[in-house]
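Numbering (my numbering), first residue to last: 18 to 232.
Here's the structure, in structure tokens; my notes come after.
Given below as structure tokens:
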């Protein structure tokens, strides 16, 4: 008898949460992504559950230096021209305090732009990126390996762009993958169905929190 090996189901006991681009400019600032403000309460609940379970959390942020060309192509002309979108040192680049335990965290732009990881707490970091995927030119993969992670759970801002690219790159690195549907903005049935074709698990905040915190 042939045994089918399961390579896609989520392992919550070896999972890390990757929160994508939840920054003030994208929540309700100069580059607002509709629906992102509305998922903040569930994102906060999700992060609390991962912390309570002792599982790793990575906040992935963009930092666009005005005048720089190191920007995804669709925003490059604007940023090269001096537009301030999640610009280092501005309020718009910051992570909403509700996601960092209630206290404002000043991002270390120099460290993040140089590829370093900013520690927020036990097994919780900030990762900087300049393109769609959280894995592109970042230290995320090495950090996940150091945390003994085999499953990547994605949530956050604007599914068709950075969360989607991150899920594809995670799958290409042989991680088991999941998207938290009610803690991610810009989801549609078609976009979600597309992700299931590459083995992405679709979960809700309540479902995942219950699994993380089960006795």
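Think of the CB as a built atom: it goes at the ideal place given N, C-alpha and C, for glycine as much as any other residue.
Quantities reported herein were computed from a predicted structural model and do not represent experimental measurements.
Comparing the CB of residue 198 with every heavy atom of the ligand SAM, is any distance shorter than 8 angstroms?
No copy of the ligand SAM occurs in the structure displayed, which carries no ligand at all.
Considering just the uninterrupted stretch of the beta strand (DSSP E) at residue 202, what are its terminal residues?
Looking at the DSSP string, residue 202 is not in any beta strand (DSSP E), and its letter there is neither H nor E.
Evaluate contact between the stretch 110-120 and the stretch 58-70, counting only Cβ atoms and requiring at least three cross-stretch pairs below 8 angstroms.
The answer is yes - the stretch 58-70 touches the stretch 110-120, with three or more Cβ pairs under 8 angstroms.
Suppose contacts are defined by Cβ-Cβ distances below 9 angstroms. Is residue 143 in contact with residue 134 by that definition?
Going by C-beta atoms, residue 143 is nearer than 9 angstroms to residue 134.
For residue 39, tell me which candidate among 91, 26, 112 has the shortest Cα-Cα distance.
Cα-wise, what sits closest to residue 39 is 112.
Per the DSSP calculation, residue 136 is bridged to which residue(s)?
Answer by DSSP bridge pairing, in chain order: 142.
Going by the beta-carbon positions, is the gap between residue 202 and residue 173 smaller than 9 angstroms?
Contact: yes.
Since residue 218 sits in a beta bridge, which residues does DSSP pair it with?
Beta-bridge pairing links residue 218 to 195.
Go ahead and pull the three-state DSSP assignment for residue 34.
In this structure, residue 34 counts as strand in the three-state DSSP scheme.
Which whole-angstrom value is the C-beta distance of residue 200 and residue 56, which I expect to be below 8 angstroms?
About 5 angstroms; that satisfies the 8 angstroms criterion.
To the nearest angstrom, how far is it from the Cα of residue 126 to the Cα of residue 148?
Those two C-alpha atoms are separated by around 16 angstroms.
Report the three-state DSSP secondary structure of residue 115 (helix, strand or coil).
Looking at residue 115 - three-state DSSP - the assignment turns out to be helix.
So, helix, strand or coil for residue 86, using DSSP?
Coil.
I believe residue 78 touches residue 104 by the beta-carbon criterion, under 8 angstroms. Please report the beta-carbon distance rounded to the nearest angstrom.
Residue 78 to residue 104, Cβ: 12 angstroms. No contact.
With DSSP collapsed to three states, give me the class of residue 170.
Note: residue 170 maps to strand in three-state DSSP.
Compute the Euclidean distance between the alpha carbons of residue 90 and residue 165, then round it to the nearest angstrom.
Taking the straight line joining both Cα atoms gives about 34 angstroms.
Assuming the contact rule is C-beta atoms closer than 8 angstroms, residue 228 and residue 26 should be a hit. Round their C-beta distance to whole Å, please.
Not a contact, Cβ separation roughly 12 angstroms.
To the nearest whole angstrom, what separates the beta carbons of residue 212 and residue 196, a pair I think is in contact under 8 angstroms?
With 8 angstroms as the limit, residue 212 and residue 196 qualify as a contact, their Cβ atoms being about 6 angstroms apart.
Straight-line CA distance for residue 82 to residue 123?
In a straight line, the C-alpha of residue 82 is about 16 angstroms away from that of residue 123.
Could you tell me if residue 230 is buried or exposed, where buried requires 16 or more neighbouring beta carbons within 10 angstroms of its beta carbon?
Looking at its Cβ environment, which holds fewer than 16 other Cβ atoms inside 10 Å, residue 230 is exposed.
Could you tell me the distance, in whole angstroms, from the CA atom of residue 206 to the CA atom of residue 223?
Rounded to whole angstroms, residue 206 to residue 223 spans 20 angstroms at the Cα level.
Report the start-end ranges of each alpha helix (DSSP H) in the stretch 51-95 that is 4 residues or longer and not cut off at the edges.
Listed in chain order, the complete alpha helix (DSSP H) runs (minimum 4 residues) inside the stretch 51-95 are 57-69.
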